[in-house]
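Asker: The opening position of the sequence shown corresponds to residue 4 in our numbering, with each subsequent residue numbered one higher.
Built from N, CA and C at the ideal position, the CB exists for glycine as well.
Model, not experiment: these values are computed from the prediction.
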Amino acid sequence: MDEEITFGPRDAVLLASGNHAAIVIDVATNNYRVKKVYLDQGSAVDIMFYRVFKELGLEDGQLTPVRIPLVDFTGPPINPEGMITLMATIGQAPKCRTIPVNFVVVKQPSPYNVFLGRPSLNALRVIPSSLHFSVKFFTPGGIAEVHGDPEVARTYYLTLLREQEKVVSQTTSLEPYIPGDEARQLGTQNDIEEFPLRQDRPD
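As structure tokens, this is what we get:
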């Protein structure tokens, strides 16, 4: 592979990158675009919150039991509802990757919808830069760069600072995805958007 992943002078440094907010992106899964996906290099598992699990139209019967509790998550150990494997797409075609993600589903309040932990980040071979508020990774179409949303990250970072426990955002969670109207869809404040994937081009 001739290309190399680098961050340099040509990569924009956002004004918001001066704070300690995490990188927060969008991910497409189960025919929806899920917003407020927190890239958590400190997490040993990929986590989906139960309210999002239900909003995606999934049922408890699809969960595989998980007997090991999560520790050091928000305090006391948490017993997961179970685990489900979903295909998740990161990036925009043609520079995107689709991988299977083993989501551990938990009933826990959080301003985020999903935590992508080390399993997914390592599978994608993601190279993050908090300074540039983005991640880069290789795809069949070339190097993809996915930018975080600094306003979303800053808002929820401040929420976590103010509150002892994470709180659930009360915004509407679902909105149909309209092909050909990408800019408008990505600019909404909703959490999850319908996102039909091409069966002939999963990547």
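#1: K139 lies in the beta strand (DSSP E); which residues open and close that run?
#2: CB of V69 to nearest heavy atom of the ligand HEM: below 7 Å?
#3: Do the CB positions of V117 and V74 come within less than 8 Å of each other?
#4: For P83, I'd like the list of residues in its chain whose CB is within less than 7 Å of its CB, leaving aside the five on either flank, ordered along the chain.
#5: List the endpoints of the continuous beta strand (DSSP E) containing L119.
#6: To the nearest angstrom, how far is it from the Cα of I146 to the Cα of G85?
#7: Out of V149, D152 and G144, point me to the one whose CA is closest to E6's CA.
#8: Comparing C-alpha positions only, which one of Q95, P103 and P79 sits nearest to I271?
#9: Would you grab the beta carbon distance between L119 and D43 for me? Rounded to a whole angstrom, and I think it's under 8 Å.
Answerer: In brief:
#1: K139 -> beta strand (DSSP E) spans S137 to T142.
#2: The ligand HEM is not part of the structure shown, which contains no ligands of any sort.
#3: Not in contact: V117 and V74 (Cβ atoms no closer than 8 Å).
#4: Only V69, L73, V107, V108 and V109 meet the Cβ criterion.
#5: Note, L119: beta strand (DSSP E), V117 to L119.
#6: Rounded to whole angstroms, I146 to G85 spans 34 Å at the Cα level.
#7: Of V149, D152 and G144, the residue nearest in Cα terms is G144.
#8: Because the chain spans 4 through 206 in this model, residue 271 falls outside it and cannot be assessed.
#9: Taking the Cβ atoms as the reference, L119 lies roughly 7 Å from D43, within the contact range of under 8 Å.
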